[in-house]
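Engineer: Under this note's numbering, the first residue of the sequence shown carries the number 97, and numbering increases by one thereafter. Backbone N, C-alpha and C define an ideal beta-carbon position, used for all residues, glycine too. Mind having a look at this structure? Questions to follow.
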Amino acid sequence: EPYDAWSFIIDRDQEVGDLSLESSANWQFNKANLIKAGIELRRNTFRENFSWRYSSFSTDPNYWLNRGLHETYHPIEFAVYVQDKMEFNSMILNVGVRYDLFHPNVDWFTTRDLFNLSVDPDFDPSLDADRDQVDENGRVKYSFENALDKPREPTSAFHRVSPRIGVSFPISSKTVLHFNYGHFYQLPPLDRMFEFNYFRPEYIVRRQMAEDEAAAAEGREPRHIPSLDGDPERVVVLSLDTLKPEKTVLFEVGIVHNFGDFIVLDMTGFYKDVFDQTMPRQGIFDRRVYMYDPFRGDITPNVFYVSNFSGDYGDSRGFEITARTAHSHWYALNANYSFSKVTQGRATPGTIRYDDEGVPEYVYDIDVSKRLPTETTFSRPHILRTNLYVRYPETTKQSFVSTFLEGTGLSALFSFVSGRTFTYVGPDDPPDTRDNHRLPPIKTLDLRLEKSFHIAGSHTLAAYVNVTNVLNSRNLRSFGDAIFDAEAVKNYVEKGEISQEDGAGYDISWQTYFAPRQFYFGLRYNLR
């Protein structure tokens, strides 16, 4: 392959989990008031057992290109809440308040006046006669150990209070109007809270391999491999500040109506505002942090690391319609349609520059669409899901048909989901255009046929077949190699062409469409 020399190997093992404790109590204070209170405690775990990136020429753990901290963190979530459900003749009112404590529970790096954690500011070049970047005092100019030795301090906890209110008004015996408003908080993604990645350029790794071989042959300790000041070994990813909990403000209003105890229709409109989001970086050089270089006496012009910042925002608005049949032993219909528009905006800087006193200067992107609300790539305006379940009814009359179909059930699930957005800047489009086109919708029909047989007592054996994508729809997943084939997006938008080769001419047809029709067979044994 032509690119083997520049390929790399990822070897990573991470564990994410939590240990939760919840307790609640109900108190019927009087006829009209039901009070509910509770506490929640969650101890999250993010454990990085190891995280290595190797070059294509070695997977020896001594010769890594990138590595993580290989540490374990236990963020704490604690909540106390109280709610009063008040029932009156004309309405039902739910009023509550919740207190949340979010504690990252970790000691984290605090250096803001040094351009990289890998640097030892006390390294003295005048005491480095052989220019190997190890001075006579044993101080190394750049090293991973320097990063580990940088000071850390306990992170601060976040305290949040969120109100909740819900109201429902029975308009008639079969119609209810409902309204909900509340604030909700959640931790940012754990893997973004504690990002740390250290990088050694390939030239260092190759020289280290050669030096280790020579040292072994000569019976001595390997020498330190110096870095080029323009491309030294360094921290390339670091969570700069503690990320704030993400806040969601939800408002919804709807109406529920029961049609003759046959179908219940629920129509709800909603609006969500999300604050203090941590949007993913746009490319590998987004959210850059430059700091002071004591050897140059100025802010470094080209050595930086990237980070994550809290403060981005988004919103979601739309409506949802759900229809479901009343309870039946032999049939059920559930249909759900939602229309929504999901946008996001960027309020965080693209670059931060710290001077020698650790004072920041924030530089925002000139790309307006990164800050003003734009429809997100994962936005799906139209989503329709319909599920129909039919089971042969039980009967006391025995016949060939009833004997053959007894215990038989058929389920059909149809889904229609809008395709994802993508960007194509045409000749007449402004340069800050983003997500202005959308792939075709994804349409699937899945079936499940099941037949159960009575074995003995309460034991039954069920045989089933699942058929996914029954109609064998060709749902488009990718129209070509949008990264390395400069014409792929243009040809799809302007000509409708779907490329099945990447920029180097290799076949990528396997990723063009989602899965075709597939069959699954199985048995299930029930003890009761």
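Got a sec? Which residues, its chain only, sit under 7 Å from D109 by beta carbon, not counting five neighbours each side?
Structural biologist: Position 13 of the sequence shown, counting from 1, holds the residue named residue 109. Correct list, in chain order: N145 and F146.
Engineer: Among residues of its own chain, excluding the 5 on either side of S406, which ones have a beta-carbon nearer than 6 Å to its beta-carbon?
Structural biologist: Residue mapping note: residue 406 aligns to position 310 of the sequence shown, counting from 1. Cβ neighbours of S406 beyond the five flanking positions: L339, K340, D372 and T374.
Engineer: Exposed or buried, which one is I106 when buried takes at least 16 other CB atoms within 10 Å?
Structural biologist: Walking along the sequence shown from the start, residue 106 turns up at place 10. Looking at its Cβ environment, which holds fewer than 16 other Cβ atoms inside 10 Å, I106 is exposed.
Engineer: Which residue or residues does DSSP assign as beta-bridge partners of L361?
Structural biologist: Residue mapping note: residue 361 aligns to position 265 of the sequence shown, counting from 1. Answer is H353 and A419.
Engineer: Ignoring anything shorter than 3 residues or poking outside the stretch 281-336, list the beta strand (DSSP E) runs there in chain order.
Structural biologist: The qualifying runs are 292-295 and 330-334.
Engineer: To the nearest angstrom, how far is the alpha carbon of A311 from that of H320?
Structural biologist: Counting from 1 along the sequence shown, the entry for residue 311 is found at position 215. Counting from 1 along the sequence shown, the entry for residue 320 is found at position 224. Each residue's Cα considered, the two are about 11 Å apart.
Engineer: I'd like the list of long-range same chain contacts for V589, defined as Cβ closer than 8 Å, with 5 residues on each side in sequence excluded.
Structural biologist: Mapped onto the sequence shown, residue 589 falls at position 493. Cβ within range, chain order: Y520, G522 and H533.
Engineer: With a threshold of 16 other CB atoms inside 10 Å of the CB of A243, please say whether the residue is buried or exposed.
Structural biologist: Taking the sequence shown and counting its residues from 1, one reaches residue 243 at position 147. It counts as buried.
Engineer: In the DSSP assignment, what are the bridge partners of N398?
Structural biologist: In the sequence shown, residue 398 corresponds to position 302, counting from 1. According to DSSP, N398 bridges with nothing at all.
Engineer: Looking at the unbroken alpha helix (DSSP H) that takes in Y616, where does it start and where does it end?
Structural biologist: By one-based count along the sequence shown, residue 616 stands at place 520. That residue, Y616, is in no alpha helix (DSSP H); its beta strand (DSSP E) goes Q614 to N622.
Engineer: Looking at C-beta atoms only, is the number of pairs between the stretch 263-283 and the stretch 339-356 that lie closer than 8 Å three or more?
Structural biologist: In short, these stretches touch, since the Cβ pair count reaches three.
Engineer: Let me make sure I understand the geometry here. Which of P285, L361, R530 and T364 has the alpha-carbon closest to that of E342?
Structural biologist: Taking the first residue of the sequence shown as position 1, residue 342 is located at position 246. The shortest Cα separation from E342 among P285, L361, R530 and T364 belongs to P285.
Engineer: DSSP on Q607, reduced to helix/strand/coil?
Structural biologist: Here residue 607 refers to the residue found at position 511 when the sequence shown is read from its first residue. Note: Q607 maps to helix in three-state DSSP.
Engineer: Helix, strand or coil: how does DSSP classify A225 here?
Structural biologist: One-based indexing of the sequence shown puts residue 225 at position 129. A225 falls in the coil class under three-state DSSP.
Engineer: In three-state terms, what does DSSP make of D461?
Structural biologist: For the purposes of this step, residue 461 is taken as residue 365 along the sequence shown, with counting starting at 1. Residue state, collapsed to three classes: coil.
Engineer: If I'm right that D209 touches D394 with Cβ under 8 Å, what's the distance once you round it to whole angstroms?
Structural biologist: Residue numbering aside, residue 209 sits at position 113 when the sequence shown is read from its first letter. Residue numbering aside, residue 394 sits at position 298 when the sequence shown is read from its first letter. Actually they are not in contact, since the Cβ atoms of D209 and D394 sit about 13 Å apart, beyond 8 Å.
Engineer: Please name the residue in F518, D524, T529 and L535 whose C-alpha comes closest to that of F512.
Structural biologist: Residue numbering aside, residue 512 sits at position 416 when the sequence shown is read from its first letter. If we check each option's Cα against that of F512, L535 comes out closest.
Engineer: Is DSSP giving T168 helix, strand or coil here?
Structural biologist: Start at 1 with the first residue of the sequence shown, and residue 168 comes out as number 72. Of the three classes helix, strand and coil, the one that applies to T168 here is strand, per DSSP.
Engineer: Are the stretch 198-218 and the stretch 171-184 touching by the rule of at least three beta carbon pairs closer than 8 Å?
Structural biologist: Yes, they touch.
Engineer: Using CA coordinates, which residue listed in Y281, V112 and N483 is at the minimum distance from H255?
Structural biologist: Here residue 255 is taken as the residue at index 159 of the sequence shown, counted from 1. If we check each option's Cα against that of H255, Y281 comes out closest.
Engineer: From this set, R570, H166, V331 and S323, which residue's C-alpha is nearest F610's C-alpha?
Structural biologist: Along the sequence shown, one-based indexing puts residue 610 at 514. The shortest Cα separation from F610 among R570, H166, V331 and S323 belongs to R570.
Engineer: When the Cα of S239 is compared with those of N212, P390 and Y367, which residue comes out closest?
Structural biologist: Mapped onto the sequence shown, residue 239 falls at position 143. Measuring from the Cα of S239, the nearest candidate turns out to be N212.
Engineer: Bridge partners of R487, per DSSP?
Structural biologist: Here residue 487 refers to the residue found at position 391 of the sequence shown. Paired residue(s): G505.
Engineer: Using the C-alpha atoms, what's the distance from D581 back to Y602?
Structural biologist: As a working mapping, residue 602 is identified with position 506 in the sequence shown. As a working mapping, residue 581 is identified with position 485 in the sequence shown. Going from the Cα of Y602 to the Cα of D581 covers about 11 Å.
Engineer: Taking the C-alpha atoms as reference points, what is the distance between G410 and P537?
Structural biologist: One-based indexing of the sequence shown puts residue 410 at position 314. One-based indexing of the sequence shown puts residue 537 at position 441. When rounded, the distance between both Cα atoms is 24 Å.
Engineer: Using the Cβ count rule (16 or more neighbours within 10 Å means buried), how would you classify R620?
Structural biologist: The count along the sequence shown starts at 1 and reaches residue 620 at position 524. Exposed, since its Cβ has fewer than 16 Cβ neighbours within 10 Å.
Engineer: In the structure shown, what three-state DSSP assignment does Y388 receive?
Structural biologist: The residue given as residue 388 occupies position 292 in the sequence shown. Strand, per DSSP.
Engineer: Within 10 angstroms of its Cβ, does G326 collect 16 or more other Cβ (buried), or is it exposed?
Structural biologist: Translated into the one-based positions of the sequence shown, residue 326 becomes position 230. Counting Cβ neighbours within 10 Å, G326 comes out exposed, since fewer than 16 surround it.
Engineer: Sort out for me which residues DSSP pairs V563 with in a bridge.
Structural biologist: Working through the sequence shown from its first residue, we reach residue 563 at position 467. Looking at the DSSP assignment, V563 forms a beta bridge with L543 and F615.
Engineer: Go ahead and label M387 buried or exposed: buried means 16 or more other beta carbons lie within 10 angstroms of its beta carbon, across all protein chains shown.
Structural biologist: In the sequence shown, counting from the first residue as 1, residue 387 sits at position 291. M387 is buried by the Cβ-count criterion.
Engineer: Under 9 Å, do V333 and V402 count as touching if we go by C-beta distance?
Structural biologist: Residue 333 sits at position 237 when you count from the first residue of the sequence shown. Residue 402 sits at position 306 when you count from the first residue of the sequence shown. Their beta carbons are under 9 Å apart, which means V333 touches V402 by this criterion.
Engineer: Inspect the CB distances between the stretch 110-118 and the stretch 128-145 and report whether three or more fall short of 8 Å.
Structural biologist: Touching, yes, given that three or more Cβ pairs across the two stretches are closer than 8 Å.
Engineer: Can you list, in chain order, the residues of its chain with a C-beta nearer than 7 Å to that of G365? Leave out the 5 residues immediately preceding and following it.
Structural biologist: Reading the sequence shown from its first residue, position 269 is the one you call residue 365. E348, V349, G350 and F415.
Engineer: Would you tell me roughly how many angstroms separate the C-alpha atoms of D224 and V585, rounded to the nearest one?
Structural biologist: One-based indexing of the sequence shown puts residue 224 at position 128. One-based indexing of the sequence shown puts residue 585 at position 489. The alpha-carbon atoms of D224 and V585 are separated by roughly 54 Å.
Engineer: With DSSP as the reference, identify every bridge partner of P266, one or two as the case may be.
Structural biologist: Taking the first residue of the sequence shown as position 1, residue 266 is located at position 170. V272.
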